[in-house]
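Student: Okay, here's the structure, questions in a sec.
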Amino acid sequence: MGRTVAREDRHIRELDDAQSWELFDNAAQHYLGISGEEFLGRWDSGYYEDPDQPEVMSVVMLLPFARSE
Amino acid sequence: MAGKPEYESVQRFRESLQRTLSCIVRGAYVDVKGGYYPSPTPVDSHGRAARRAGQRYGVLYQGQSTVPVDRGPSATGPWRVTTVAYHYTLQEAEGAEILSCQWHPGAPNSVRFPHLHIRQAAGPGREELQRAHLPTGRVALENFVRLLIVDFGVPPEKDNWEGELAKSLAEFEEDRSW
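The listed protein sequences derive, respectively, from chains A and B. Under the numbering used here, the letters of the first sequence match residues 667 to 735, in that order. Under the numbering used here, the letters of the second sequence match residues 13 to 190, in that order.
And the structure:
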């Protein structure tokens with residue numbers, strides 16, 4: 667049921683899987699200087715004992731863009 | 013999916029979001045992924061409207077939502093988009109955060125209640141304030157946008173911004189579950 671077609675409806679941009687990953691990866695690099703893959707590894711392993719840091723939470727909020735539906 | 017109630021409920025939510033953000037961000041857009049069917053986990057992350065608001069500020073909106081079945085009354089029938097996390101941030105144009113309204117109950121090792129962060133760019137003198145999770149009630153995006161316009165002097169992008177915010181806020185109030 668995953669959507670793979672990107673489209674733009676007014677100012678709502680529905681991203682396909684590749685675009686979603688790119689958004690997430692760019693955010694991880696922008697806020698933390700690491701790749702999206704590296705962030706996921708850290709997040710899933712509990713690396714961030716205090717995730718409530720502005721840079722970390724800004725990436726955490728984008729996790730749905732990185733996870734498959 | 014067009015015409016199906018679950019699709020319409022998602023579209024209604026997204027349009028409300030875009031309408032609200034466009035009151036202060038010229039050309040505001042909302043990036044979305046999926047979210048047209050019920051799911052116990054967030055499948056749709058709305059936003060990254062990190063754009064300049066006026067000459068001085070930047071605004072970052074991030075949110076996560078899902079589309080559950082809800083048997084309560086709703087304008088879109090049994091389907092209702094539910095926010096499961098939000099993150100509204102006012103920052104300097106250069107990127108330093110000023111304040112941030114947040115609710116992210118699913119994040120481990122963090123607080124589960126809605127809260128406010130007052131960051132360094134706000135100029136708080138006490139170190140504790142920069143770390144504190146100041147408890148709040150749930151904050152609607154519309155009220156955050158109003159705060160920026162009224163108290164921070166962010167110039168509205170629409171003459172009828174009050175009406176636009178009121179319309180979106182009414183939709184939020186109609187659909188909110190808490």
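For glycine and all other residues, C-beta sits at the position ideal for the given N, C-alpha and C.
1) For Gly70 of chain B, name the three-state secondary structure that DSSP assigns.
2) Among the candidates B:Lys16, B:Thr78, B:Gly137, whose CA atom is the shortest distance from the CA of Gly46 of chain B?
3) Taking contact to mean at least 3 C-beta pairs separated by less than 8 Å, is the region 91 to 110 of chain B in contact with the region 69 to 76 of chain B?
4) I'd like the list of long-range same chain contacts for His129 of chain B, defined as Cβ closer than 6 Å, with 5 residues on each side in sequence excluded.
5) Residues of chain A with a CB under 8 Å from the CB of Val42 of chain B: which are they?
6) Compare the C-beta of Phe731 of chain A with all C-beta atoms of chain B and state if any pair is closer than 8 Å.
7) How long is the line joining the alpha carbons of Val722 of chain A and Ser28 of chain B, rounded to whole angstroms?
8) Look at Arg26 of chain B and Ser180 of chain B and say whether their C-beta atoms are less than 8 Å apart.
9) Listed from N- to C-terminal order along the chain, which residues in the region 698 to 719 of chain A have their beta-carbon within a distance smaller than 8 Å of any beta-carbon of chain B?
10) Smallest Cα separation from Trp173 of chain B: which of B:Cys35, B:Ala134, B:Glu20?
11) Taking only three categories from DSSP, how would you classify Pro17 of chain B?
12) For Asp43 of chain B, write down the residues that DSSP places opposite it in a beta bridge.
13) Measure from the alpha carbon of Val208 of chain B to the alpha carbon of each residue in A:Glu703, A:Gly707, A:Glu715, A:Glu688, then state which is nearest.
14) Between Ser686 of chain A and Ala694 of chain A, is the Cβ-Cβ spacing less than 8 Å?
15) Find the residues of chain A that neighbour Ala119 of chain B, judging by a C-beta separation of less than 8 Å, and give them in chain order.
16) So which residues on chain A does Asp109 of chain B lean against when the C-beta distance must stay under 9 Å?
17) Within 10 Å of its beta-carbon, does Val162 of chain B have 16 or more other beta-carbons around it, so buried, or fewer, so exposed?
Tutor: Taking the structure as given:
1) strand
2) B:Thr78
3) yes
4) Ser112
5) His677, Ile678, Arg679
6) yes
7) 28 Å
8) no
9) Gly712, Tyr714, Glu715, Asp716, Pro717, Asp718
10) B:Cys35
11) helix
12) A:Arg679
13) Absent from the model: residue 208 of chain B. The displayed extent of chain B is 13 to 190, so no value can be given.
14) no
15) Pro717, Asp718, Met723, Val726
16) A small correction: the amino acid at residue 109 of chain B is Glu; Asp does not occupy that position in the sequence shown. Correct list: Pro720.
17) exposed
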